[in-house]
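**Q** Under numbering that gives the first Met the number 0, the residues of the sequence shown are numbered 0 to 411, in order. We put the CB at the ideal spot given by N, CA and C, even for glycine.
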Amino acid sequence: MKFVPFFLLALLLAAATFLLWITGKPELTELTDAATSAQLDSMLPSDAENGNKVDTYANMKDMYGTLMTDIGNAKHHIHFLFFKYEPDGVGREIGAALAAQTQAGVEVRLLYDDILCRRWRDYYRQLESQGVETAGFGAVHPPFIRKRDYYRNHRKIIVVDGRVAYIGGINVADRYLNGLDWGCWRDTIIRIEGPAVALAQRAFAADWHYATDRLLAAPVYFPEVCEQGAFPVRIITSGPIGAGPAIMRHTVSLLDRASQYVWFESPYFIPPDEVRKAMLDAARRGVDVRVLLPPRGDRGETTQWASKSYFTEALRAGVRIGLYQPGYLHSKIIVCDDAVGVVGSCNIDPRSYLLCEEIAAVIESPAYARELKDLFLTDEAQSHYIRADEWDSRPLANKVKEAAARTLASQL
């Protein structure tokens with residue numbers, strides 16, 4: 000019995016060492032090798048960014064009919080990549096539409112995050128039996144000790160026939176379409192037609208290759224597409240498996256060069272040091288920095304308290320923080336200086352910026368920036384901004400909870 004305390008101490012030290020290792024600085028690994036990357040790049044049009052039509056949706060309900068029409072009109076392939084694809088009412092309805100298309104000879108592929116979606120594998124096997132190819136990104140093999148198993152795929156991408164692409168914040172689940180019992184589900188999704196669809200296709204193809212070792216680099220997946228509109232669309236991917244923190248670097252760059260304003264929407268506000276410093280510096284030099292957040296969270300109390308621990312410093316620097324009142328704000332957008340609009344899957348937190356595979360569409364166009372700005376202002380009109388003096392007078396117990404949660408912030 001006298002050895003029990005030493006055994007427990009050794010066990011605790013081993014557990015602490017493991018946690019420090021797996022949650023430490025990301026070890027960048029390649030998503031695809033150089034030859035595969037070159038092969039995918041060779042499929043892209045010479046001017047993949049310009050000449051695009053972009054439709055912006057403020058929730059899944061507004062785009063659902065269009066999405067189902069696009070699925071129904073597919074002639075060759077449909078590619079889905081989601082962090083979560085849940086087999087509830089919405090998931091099964093979309094799944095039935097996908098399965099029906101396989102019977103018409105359309106290639107359908109569904110890529111999901113292996114950890115988040117493991118519980119629904121039986122449903123994915125059902126889709127497989129109906130002709131849908133499915134795969135889990137970052138498949139985990141017990142005893143779950145590889146550092147890269149800690150990195151997850153948080154992207155949301157749909158590509159139909161290489162001619163239409165969707166990028167944004169939605170996953171596939173009832174709540175994204177129908178809301179929650181306490182309010183609406185507010186999200187932002189864009190539908191792209193034009194040459195930039197090839198960039199979204201490349202992102203899917205790289206992730207599919209990583210998950211399955213099967214490469215989708217035939218011309219049929221990258222058809223020649225004429226200009227469909229006037230918007231330039233640049234696609235940024237980031238993650239420890241692949242390009243590194245490219246989206247974070249772009250966010251910091253926007254803040255550093257902004258002269259008028261930078262406005263954000265995000266479900267979480269746990270900025271890594273680089274983003275936090277850039278936000279504070281921008282606000283202190285007179286840039287109008289605003290962040291809209293939901294009034295309640297969906298990751299539990301710890302994440303909410305950690306998020307609140309950043310409010311004091313931000314408010315004192317002049318950052319305006321608003322809470323969206325009608326429901327849950329899951330939108331991930333940035334609009335800057337009536338010049339740049341960004342829509343994607345990336346939250347303001349270390350997990351998105353550093354530990355997850357993410358995607359963002361960057362549209363450098365005054366016309367589009369104004370469109371996204373109007374969307375922000377509509378949300379802002381339904382939000383309550385926190386006053387610094389009110390925030391400073393919050394209960395001491397809240398401050399203690401915030402400080403405790405802050406110690407875990409790097410992993411949230």
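1) Smallest Cα separation from Leu-215: which of Gly-193, Ile-246, Val-158 and Val-224?
2) If you measure between the beta carbons of Pro-194 and Gly-88, is that distance less than 7 Å?
3) Out of Arg-154, Thr-377, Leu-97 and Gln-227, point me to the one whose CA is closest to Arg-350's CA.
4) What does the alpha-carbon distance come out to for the pair Pro-293 and Ser-330?
5) Please report the residue range of the alpha helix (DSSP H) in which Tyr-122 lies.
6) How big is the Cα-Cα spacing for Tyr-165 and Thr-101?
7) DSSP three-state call for His-208: helix, strand or coil?
8) Contact between the stretch 176–184 and the stretch 201–217: three or more CB pairs below 8 Å?
9) Please report the distance separating the alpha-carbon of Trp-304 from that of Gly-317.
10) Does Ser-308 pass the burial test, meaning 16 or more other C-beta atoms within 10 Å, or should it be called exposed?
11) Thinking Pro-25 and Pro-239 are a contact (beta carbons under 8 Å), I'd like their distance in whole angstroms, please.
12) So for Trp-181, helix, strand or coil by DSSP?
13) Measuring CA to CA, which of Ala-277, Arg-201, Ala-96 and Phe-82 is closest to Ile-70?
14) Since Ile-333 and Val-288 should fall inside the 8 Å C-beta cutoff, what is the C-beta to C-beta distance between them, to a whole number of angstroms?
15) Would you call Val-399 buried or exposed, if buried means 16 or more other Cβ atoms sit within 10 Å of its Cβ?
16) Per DSSP, what are the beta-bridge partners of Asn-51 in this structure?
17) Select from Arg-405, Gly-296 and Pro-325 the residue whose C-alpha is nearest the C-alpha of Gln-381.
18) Quick check: the Cα distance between Val-290 and Asp-378, rounded to an integer number of angstroms?
19) Can you say whether Ala-202 is buried or exposed, counting buried as having 16 or more other CB atoms within 10 angstroms of its CB?
20) Taking 6 Å as the limit between beta carbons, can you name the residues of its chain near Arg-108, skipping five residues before and five after?
21) So, at 7 Å on beta carbons, what are the nonlocal neighbours of Arg-124 in its own chain, with the 5 sequence-adjacent residues on each side left out?
22) Assuming the contact rule is C-beta atoms closer than 8 Å, Ile-156 and Asp-54 should be a hit. Round their C-beta distance to whole Å, please.
23) If I follow the unbroken alpha helix (DSSP H) through Phe-81, where does it start and stop?
24) On the DSSP letters alone, give me the boundaries of the alpha helix (DSSP H) that Tyr-111 sits inside.
25) Determine which residues share a DSSP beta bridge with Ala-134 and list them.
26) If contacts are defined as beta-carbon pairs under 8 Å, then Gly-161 and Thr-187 qualify, I think. What distance do you get, rounded to the angstrom?
**A** Reading off the structure:
1) Looking up residue 215 in the sequence shown gives position 216. Here the closest residue by C-alpha is Val-158.
2) For the purposes of this step, residue 194 is taken as the residue at position 195 of the sequence shown. For the purposes of this step, residue 88 is taken as the residue at position 89 of the sequence shown. Cβ atoms of Pro-194 and Gly-88: not closer than 7 Å.
3) Taking the first residue of the sequence shown as position 1, residue 350 is located at position 351. Among Arg-154, Thr-377, Leu-97 and Gln-227, the Cα nearest to that of Arg-350 is on Arg-154.
4) For the purposes of this step, residue 293 is taken as residue 294 along the sequence shown, with counting starting at 1. For the purposes of this step, residue 330 is taken as residue 331 along the sequence shown, with counting starting at 1. One C-alpha to the other measures close to 10 Å.
5) For this step, residue 122 is matched to residue 123 along the sequence shown. Taken as a continuous stretch (DSSP letters only), the alpha helix (DSSP H) holding Tyr-122 covers 120–128.
6) The count along the sequence shown starts at 1 and reaches residue 165 at position 166. The count along the sequence shown starts at 1 and reaches residue 101 at position 102. If I take the Cα positions, the gap works out to 20 Å.
7) In the sequence shown, residue 208 corresponds to position 209, counting from 1. Helix, per DSSP.
8) no
9) One-based indexing of the sequence shown puts residue 304 at position 305. One-based indexing of the sequence shown puts residue 317 at position 318. Distance between the alpha carbons of Trp-304 and Gly-317 is about 21 Å.
10) Reading the sequence shown from its first residue, position 309 is the one you call residue 308. The residue in question, Ser-308, is buried, as its Cβ has 16 or more Cβ neighbours within 10 Å.
11) Looking up residue 25 in the sequence shown gives position 26. Looking up residue 239 in the sequence shown gives position 240. Indeed they touch by this definition, with Cβ atoms about 4 Å apart.
12) The sequence position of residue 181 within the sequence shown is 182, counting from 1. Looking at Trp-181 - three-state DSSP - the assignment turns out to be coil, as it is neither helix nor strand.
13) Locating residue 70 in the sequence shown gives position 71, where the first residue counts as 1. The candidate whose alpha carbon is nearest that of Ile-70 is Ala-96.
14) Within the sequence shown, the letter at position 334 stands for residue 333. Within the sequence shown, the letter at position 289 stands for residue 288. Not really, about 11 Å apart at Cβ, beyond 8 Å.
15) Position 400 of the sequence shown, counting from 1, holds the residue named residue 399. Its Cβ having fewer than 16 others within 10 Å, Val-399 is exposed.
16) Along the sequence shown, one-based indexing puts residue 51 at 52. According to DSSP, Asn-51 bridges with Phe-230.
17) Translated into the one-based positions of the sequence shown, residue 381 becomes position 382. For Gln-381, the nearest C-alpha among the options comes from Pro-325.
18) Counted from its first residue, the sequence shown places residue 290 at position 291. Counted from its first residue, the sequence shown places residue 378 at position 379. Between Val-290 and Asp-378, the C-alpha separation is close to 11 Å.
19) Mapped onto the sequence shown, residue 202 falls at position 203. Under this definition Ala-202 is a buried residue.
20) Indexing the sequence shown from 1 puts residue 108 at position 109. Cβ neighbours of Arg-108 beyond the five flanking positions: His-78 and Glu-132.
21) Counting from 1 along the sequence shown, the entry for residue 124 is found at position 125. The answer is none, since no qualifying residue turns up.
22) To locate residue 156, count along the sequence shown from 1; it is residue 157. To locate residue 54, count along the sequence shown from 1; it is residue 55. Contact flag wrong, Cβ pair sits at about 16 Å.
23) Here residue 81 refers to the residue found at position 82 when the sequence shown is read from its first residue. Segment 76–81 is the beta strand (DSSP E) holding Phe-81; no alpha helix (DSSP H) there.
24) Walking along the sequence shown from the start, residue 111 turns up at place 112. Note, Tyr-111: premise wrong, no alpha helix (DSSP H); beta strand (DSSP E) at 106–112.
25) Position 135 of the sequence shown, counted from the first residue, corresponds to residue 134. BP columns for Ala-134 point to Leu-110.
26) As a first step, residue 161 must be located in the sequence shown, where it is residue number 162. As a first step, residue 187 must be located in the sequence shown, where it is residue number 188. In fact, because the Cβ distance is near 23 Å, the residues do not count as touching under 8 Å.
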